[in-house]
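Quick note, in our numbering, the sequence shown goes up one by one and the last residue is 580.
The C-beta atom is built at its ideal place from N, Cα and C for all residues, glycine as well.
Structure first, then comments.
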Amino acid sequence: MATFATISVDEKSSNLVNNGFDIMKDIEMSLSSYNKNARAYLLNKNLHVENDGYFFEALSLCKKYYAATDGYFDITVGSITKDLYRFGESQRVPTSLELQDAKVAFNALRFNEKEAFIDDGIKVDLGGMGKGFAVDKVAEYFRSKDTIEAVISLSGDIRCLSTCKIDIQNPFLEDEKMLSFESTKSDLGISTSGNYNRYVLSTKNNHLIDPKAKKPQTCFISITLIGELSNSDLDAYATAASVMPIKTAYEFLDVLGVGYIIMQSDEEIVISKNITKYAKNLLFGDTLKKQPRDIEQ
């Protein structure tokens, strides 16, 4: 999935780790828009594909996320991420006219359990939930094997079956922590979405595309969500919140009830009032502002 993946388990489950990585590979072969044999790639290429179980489930979740976020989570931004910016391939900066003319329309995607179709000019990009989806499936596997302690990590998407310590990267210094914390309960998910990992030339041309404005988001540098929701949910909602207007994003996240740690574009750090439900012993990096503030009402 074009990122680092790690699985840490208790000693009695160590013989199962390779099976966890195999699950990730199977999901990549379904959801990837880069692998030429994957379902998503074939759908983009041929406008039609026969579904496998993972792809149908992922598309069904994406339909739920589209509705739950009022259209801010829309996998048909692939027409922008894949065709225009070409993230991860022959990257470029599109013109404002190209962005304006891009086709972004979730209703141009139709699917059932057996097959999926898209209209000409539409492309799907499941990168906004795919890593969280993979983490969920690996976590399900370890739960089925009665594994008590496991940490499954795909880049910014993490599941801790027991309690664990988490470090969040400083967006400006790769080898420094923005903050660290300990989870307060077992089986929590963590998902971070940021504009600093994938961009062309500058973070103004980042991969987090607002499907309504048809351009990269500029309000947030980093959004970390913590909660008991599935990692697929957390991944998708972090992606969606990242492209919302600031007030809309905070209202959306507060209704969800998840904990959040957010760095805005002005470098202010905002932490949800319910954070102690999910995290304790928060320690900020030395180069960052240490005192969070409440979002202005």
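- prompt: Roughly how many whole angstroms lie between the Cα atoms of Ser-525 and Glu-534?
  reply: Position 242 of the sequence shown, counted from the start, is the residue given in the question as residue 525. Position 251 of the sequence shown, counted from the start, is the residue given in the question as residue 534. Straight-line Cα distance between these residues: approximately 13 Å.
message: Per the DSSP calculation, Gln-452 is bridged to which residue(s)?
response: Along the sequence shown, one-based indexing puts residue 452 at 169. Note: Gln-452 sits in a beta bridge opposite Lys-460.
field: First and last residue of the uninterrupted alpha helix (DSSP H) at Ala-261
entry: Any property of residue 261 remains undetermined from this structure, which presents the chain solely from 284 to 580.
query: What residues in its chain sit with their C-beta under 6 Å from that of Val-332, if we drop five residues either side in the sequence?
result: For the purposes of this step, residue 332 is taken as the residue at position 49 of the sequence shown. Around Val-332: Arg-322, Leu-325, Leu-326, Ala-399.
message: Between Leu-382 and Lys-498, how many whole angstroms is the CB-CB distance? I'm expecting something under 8 Å.
response: What you label residue 382 is simply residue 99 of the sequence shown in a count that begins at 1. What you label residue 498 is simply residue 215 of the sequence shown in a count that begins at 1. Yes, they are in contact, since the Cβ atoms of Leu-382 and Lys-498 sit about 6 Å apart, within 8 Å.
- request: Give the single residue among Phe-394, Tyr-317, Gly-303 whose Cα lies nearest to the Cα of Thr-364.
  value: If you number the sequence shown from 1, residue 364 lands on position 81. Closest by alpha carbon: Tyr-317.
message: If you measure between the beta carbons of Gly-413 and Ser-474, is that distance less than 8 Å?
response: The residue given as residue 413 occupies position 130 in the sequence shown. The residue given as residue 474 occupies position 191 in the sequence shown. Against a cut-off of 8 Å, the Cβ pair of Ser-474 and Gly-413 comes out as no contact.
Own chain partners of Val-421 with C-beta closer than 6 Å, once the 5 adjacent residues on each side are dropped: For the purposes of this step, residue 421 is taken as the residue at position 138 of the sequence shown. Only Gly-303, Ile-306, Ile-435 meet the Cβ criterion.
query: Going by alpha carbons, who is nearest to Ser-379 out of Tyr-543, Met-546, Arg-426, Leu-367?
result: Taking the sequence shown and counting its residues from 1, the one referred to as residue 379 is at position 96. Comparing Cα positions, the closest option is Leu-367.
task: Hey, could you find the ends of the beta strand (DSSP E) Arg-426 is sitting in?
output: Residue mapping note: residue 426 aligns to position 143 of the sequence shown, counting from 1. From DSSP, Arg-426 is part of no beta strand (DSSP E) but of the alpha helix (DSSP H) over 413-427.
query: If we ignore side chains and look at the alpha-carbon of each, how far apart do Asp-577 and Asp-518 end up?
result: Residue 577 sits at position 294 when you count from the first residue of the sequence shown. Residue 518 sits at position 235 when you count from the first residue of the sequence shown. Any answer about Asp-577 is weak, because its pLDDT of 48 lies below 50 and its placement is not dependable; what the coordinates show is given next. About 23 Å.
field: For Ser-296, the three-state DSSP class (helix, strand or coil)
entry: As a working mapping, residue 296 is identified with position 13 in the sequence shown. It is helical.
message: So the candidates are Phe-455, Lys-495, Thr-501; which of them puts its Cα closest to the Cα of Lys-487?
response: For the purposes of this step, residue 487 is taken as residue 204 along the sequence shown, with counting starting at 1. Residue Thr-501 is the option with its Cα nearest to Lys-487.
- request: Indicate the three-state DSSP secondary structure (helix, strand or coil) for Phe-339 in the structure shown.
  value: The residue given as residue 339 occupies position 56 in the sequence shown. Note: Phe-339 maps to helix in three-state DSSP.
query: For Ile-506, which of Pro-494, Ala-496, Asn-453 has the nearest alpha-carbon?
result: Start at 1 with the first residue of the sequence shown, and residue 506 comes out as number 223. The shortest C-alpha separation from Ile-506 is found at Asn-453.
Alpha-carbon spacing of Gln-580 relative to Asp-537, whole angstroms: For this step, residue 580 is matched to residue 297 along the sequence shown. For this step, residue 537 is matched to residue 254 along the sequence shown. Its pLDDT being 32, under 50, Gln-580 is placed unreliably in this model, and the value from its coordinates should be taken loosely. For Gln-580 and Asp-537, the distance between alpha carbons rounds to 13 Å.
task: Note down the Cα distance separating Leu-508 from Asp-403, rounded to an integer number of angstroms.
output: Sequence index remark: in the sequence shown, residue 508 carries index 225 (1-based). Sequence index remark: in the sequence shown, residue 403 carries index 120 (1-based). So the alpha carbons of these two residues sit roughly 35 Å apart.
message: Spatial neighbours of Asp-357 within its chain, please: C-beta separation below 7 Å, excluding the five flanking residues on both sides.
response: On the sequence shown, position 74 is the one that residue 357 refers to. Excluding sequence neighbours, Asp-357 sits near Tyr-349, Val-387, Phe-389, Pro-494.
Neighbourhood of Asp-335 by C-beta, 7 Å cutoff - its chain only, sequence neighbours within 5 removed: Numbered from 1 along the sequence shown, position 52 holds the residue referred to as residue 335. Cβ neighbours of Asp-335 beyond the five flanking positions: Ser-313, Arg-322.
Selected residue, minimal CA-CA separation from Thr-289, among Leu-437, Asp-429, Val-407: As a working note, residue 289 is residue 6 in the sequence shown. The candidate whose alpha carbon is nearest that of Thr-289 is Leu-437.
- request: Can you tell me which of the three DSSP states Ile-545 falls into?
  value: Along the sequence shown, one-based indexing puts residue 545 at 262. Correct three-state label for Ile-545: strand.
Environment of Glu-372 [buried if 16+ CB atoms lie within 10 Å]: Counting from 1 along the sequence shown, the entry for residue 372 is found at position 89. Its Cβ having fewer than 16 others within 10 Å, Glu-372 is exposed.
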